[in-house]
Amino acid sequence: MKRLYIWIGLAVTLLAGMLAGCRGGNASPEKEKKREKIEIWTYFETDAQCSALDKVIRGFNRSQNSYEASWKYVPMTEFTKKLSMAYTEKALPDLAIIDNPDMSAFIKMGLFEDITGFLKKLGVKKDYYPSLVETVSYGSHMYGLPMNCNNAALIYNKKMLEEKNIDPPESWEELEQAAAALSTESCSGFLMSAVEGEQGAFQILPWILSTGENASEIGGEGTEKALAFLKRMIDNNYMAGDCINMSQNDVGRVFAEGGAAMMENGPWVLPMLDEEGIEYGVSPLPADKISSVIVGGENLGILKGKNVEGAKKFLEYYNQDQVMQAFCQEAQILPAKMNIEIPEDTNLKVFKEQMAGAVVRSSIPSWNVLSKQLSQSVYQMVAEQKSPKEAAFMLDVQK
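Each residue of the sequence shown is one higher than the one before, counting from 770 in the numbering used here.
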């Protein structure tokens, strides 16, 4: 019995020592250091976008011990409004993933931190598409890191076109003929988004520029021709008039459900189509005189007066080729860096090829005014309130 007491005493002593050791380990400055929070706002909403962003944030949080990043969803239709309200209420996040044409206005408002020197060290001007660098710049200064890029192409249901023995259309005339042959009571031959705001403007503008209309002189004969073409597509029921209420993701969902044979859309909808098992193809957007698409994508901007150093660390992490490539591959969007390759057999190939001649919206005079008017012009034509000529006139912001 005495020996048993001795063993119990030794065990208690050993256990106490182990507990003390554990407490001592937890008290180390490295482990007890509280991580600084980094809040990121984004309007990403597809499963692929959210999953890809989750992985970037988890990777960043594991890569260091000083900061802990998290993200908050803000609907795209409310994003700029919420950001403006947060500015006046002094409730801004540390980082914003913002639609690249919206960045210029907020730079002028003073929301974003000037990180020119930091971005030069990262090699942004050398490694990124010049058109994307333009979207984060104001004068000679830079205020954000391009995160990804995209544009719109023609996405078509292979089975539907094959059944009618139709090749992917390359011109407006071919598109109209194909849409006529493919349209039924339950399926639009073609569909696009003409919803109010940037999404509608992003999809309407390529048709205008395709006529050869100068981007700085929108509202002329080319604009009238493009609007007349879109109105004819709607009037003939080749395209649903409800396009004025559809976001780009709405259009993607209609297509995935078999409600459209062809659509104008971006690469972010491709994961949705893959999940639904749709056999689809991607081809350049049909052109009138010239092929023209608009630069889309997101920028990462650091909000002034917030956790600037932590946000810079996040940008440094995302700037790594393997991180950007993994994010873009899962989200089905193009990397902002020119040197990052994409697989030859991917449906992203067409979008990458179209980047060479893509137009930056913020380079268009009075873009903030024009972007609102573009969707309004289509809406008023659908509502029979204006003719294509009258709708084109309202887009002449220089008049």
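Glycine residues also receive a C-beta, built at the ideal position from the N, C-alpha and C atoms.
Note that this is a predicted model, so its numbers are computed, not measured.
Whole-number beta carbon distance between residue j and residue i, since they are thought to touch under 8 Å
i	j	result
Ala963	Gln972	7 Å
Ser1146	Leu996	6 Å
Phe959	Met1015	Contact flag wrong, Cβ pair sits at about 13 Å.
Trp941	Asp1057	5 Å
Ala948	Tyr1007	4 Å
Tyr1049	Tyr912	Rounded, the Cβ-Cβ distance is 37 Å, inconsistent with contact.
Gly1046	Asn919	About 23 Å separates the two Cβ atoms, so there is no contact after all.
Ser979	Ile1059	6 Å
Thr815	Gly966	Actually they are not in contact, since the Cβ atoms of Thr815 and Gly966 sit about 18 Å apart, beyond 8 Å.
Three-state secondary structure (DSSP) of residue i
i	result
Pro798	Low local confidence applies: a pLDDT of 46 at Pro798 is under 50, so the model's placement there is unreliable, and no value is given.
Lys841	strand
Val1092	helix
Thr992	helix
Glu1067	strand
Val1038	helix
Gly793	Low confidence applies here, because Gly793 scores a pLDDT of 38, under 50, leaving its location unreliable; read the following figure in that light. Looking at Gly793 - three-state DSSP - the assignment turns out to be helix.
Ser1135	coil
Thr811	strand
Ser940	strand
Pro1104	strand
Ala997	helix
Gly786	Note that Gly786 has pLDDT 45, beneath the 50 cutoff, so the model's placement of it is unreliable and the number below is only indicative. It is helical.
Lys803	coil
Tyr907	strand
Glu1033	strand
Val1129	coil
Ala1009	coil
Cys918	strand
Ile977	helix
Leu960	strand
Gly966	coil
Gly828	helix
Gly1021	helix
Ile867	strand
Tyr836	strand
Tyr898	coil
Val781	Only weak support is given to the placement of Val781: the predicted model assigns it a pLDDT of 42, under 50, and the value that follows is read from those uncertain coordinates. Helix.
For residue i, the nearest candidate out of the options (CA to CA)
i	options	result
Ser835	Phe848, Asp1057, Glu805, Leu1139	Glu805
Lys895	Asp883, Val1128, Phe1024, Pro915	Pro915
Glu1159	Glu990, Asn917, Lys824	Glu990
Ser1140	Glu814, Lys1000, Tyr912, Ala970	Ala970
Asn1009	Lys824, Ser955, Lys1118	Looking at the sequence provided, one finds Ala at residue 1009 rather than Asn. Of the listed residues, the one whose Cα sits closest to Ala1009 is Ser955.
Thr857	Asn1005, Gly879, Pro870, Pro938	Gly879
Glu986	Glu814, Pro1134, Ala821, Val1151	Pro1134
Ile809	Ala860, Thr846, Gln833, Glu1113	Ala860
Ile935	Thr980, Ala1030, Lys803	Ala1030
Gly1070	Val905, Arg827, Leu978	Val905
Tyr812	Glu1110, Ser1061, Asp871	Asp871
Lys1075	Ala821, Ala865, Gly988	Ala865
Ile867	Thr885, Ile1059, Val843	Val843
Cys1012	Gln833, Leu852, Ser873, Tyr1148	Tyr1148
Phe875	Tyr898, Phe887, Thr849, Pro899	Thr849
Met1150	Gln968, Ser820, Ile884, Lys1000	Lys1000
Leu749	Glu939, Glu931, Gln968	Since the displayed the chain opens at 770 and closes at 1168, residue 749 lies outside it and no answer follows.
Phe887	Gly1021, Glu1113, Asn1088, Ile807	Asn1088
Short Cβ contact (8 Å threshold) for residue i with residue j
i	j	result
Ala817	Phe829	no
Gly1028	Gln1017	no
Glu882	Lys1073	yes
Leu1054	Asn1116	no
Gly1079	Asp823	no
Glu993	Ala1161	yes
Pro1104	Asn869	no
Val1062	Glu903	no
Gly988	Asp1165	yes
Asn1107	Tyr898	Per the sequence shown, residue 1107 should be read as Met rather than Asn. Yes, Cβ-Cβ distance for Met1107 and Tyr898 is below 8 Å.
Any non-hydrogen atom of the ligand GTP closer than 7 Å to residue i Cβ
i	result
Glu931	The ligand content of the structure shown is nil, which means the ligand GTP is not present either.
Start and end residues, alpha helix (DSSP H) containing residue i
i	result
Thr885	885-891
Tyr1086	1077-1087
Ala860	From DSSP, Ala860 is part of no alpha helix (DSSP H); its letter is neither H nor E.
Leu1117	Taken as a continuous stretch (DSSP letters only), Leu1117 belongs to no alpha helix (DSSP H), as it is neither H nor E.
Glu1159	1157-1163
Ala874	872-878
Range of the contiguous beta strand (DSSP E) that encloses residue i
i	result
Leu923	922-926
Gly1050	1049-1052
Pro1055	Premise fails: Pro1055 is in no beta strand (DSSP E) and is neither H nor E.
Leu1072	Element bounds for Leu1072: n/a, residue is neither H nor E.
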